[in-house]
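Below is one structure; the comments refer to it alone.
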Amino acid sequence: MRRAKERHMHKTRNDIAANARKGVAALLNSRLADVVDFQLALKHAHWNVKGPQFIALHEMFDTMQAAYSPHIDEMAERITALGGTAMGSVQAVEKGTSLAPFPADVFDGMKLVGELADRAAALGKSVRKGIDETDEMGDADAADILTALSRQLDKDLWFLEAHLQKG
Ligand SMILES: [Fe+2]
């Protein structure tokens, strides 16, 4: 799993140890890149989906992507609260994401659902790992932010997989 190197840290009165703040900021920046990538993949699917379930998927993908904006903001602002730099440029996201590149030649509704489910599951796994790691580094607040994100990802994985599972 890729984790960004946190270089410059701002001075802060926050009492979490400097190296813990640095480690948590780096971890959060890595997951931030992943979530922004996932959100853009959902938007891509929202725009380009084809097939008989078009309207249901078009609407579901947009509802899903919108839910990640508050999580992204929470993560980014936790990074800055810790004295780090929230890496929000498209260049940083491209460099930092650990998700597989999203295919531009997939349009079929169920195939797109499958591609998104793969990424929701991969991201869910790394976010769950991040919950334990931030907790071990002594930042219960970062662990809490990642816990909320993990809940969202698991819910969306359920929604996505329900389209692929047989009754
Ligand atoms: Fe739209």
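Each step along the sequence shown adds one to the number in our numbering, with nothing skipped, and position 158 is 149. Just so you know, even glycine gets a beta-carbon here, dropped at the ideal spot from N, CA and C.
Taking C-alpha positions only, residue 94 is separated from residue 82 by approximately 19 Å. In the three-state scheme derived from DSSP, where H, G and I count as helix and E and B as strand, residue 132 is classed as helix. Inside the segment 91 to 149, DSSP marks whole alpha helix (DSSP H) runs of 4 or more residues at positions 100 to 127, from first to last along the chain. In this structure, DSSP gives residue 41 an extended state, which the three-state scheme calls strand.
Between residue 26 and residue 73, the C-beta spacing is not below 8 Å. Taking one beta carbon from each stretch, the segment 59 to 68 and the segment 111 to 122 have fewer than 3 pairs nearer than 8 Å; the two do not touch. Pairwise C-beta distances place the segment 6 to 14 out of contact with the segment 33 to 53, as fewer than three of them are shorter than 8 Å. Contact annotation, residue 42 with residue 99: C-beta distance approximately 6 Å; criterion of less than 8 Å satisfied.
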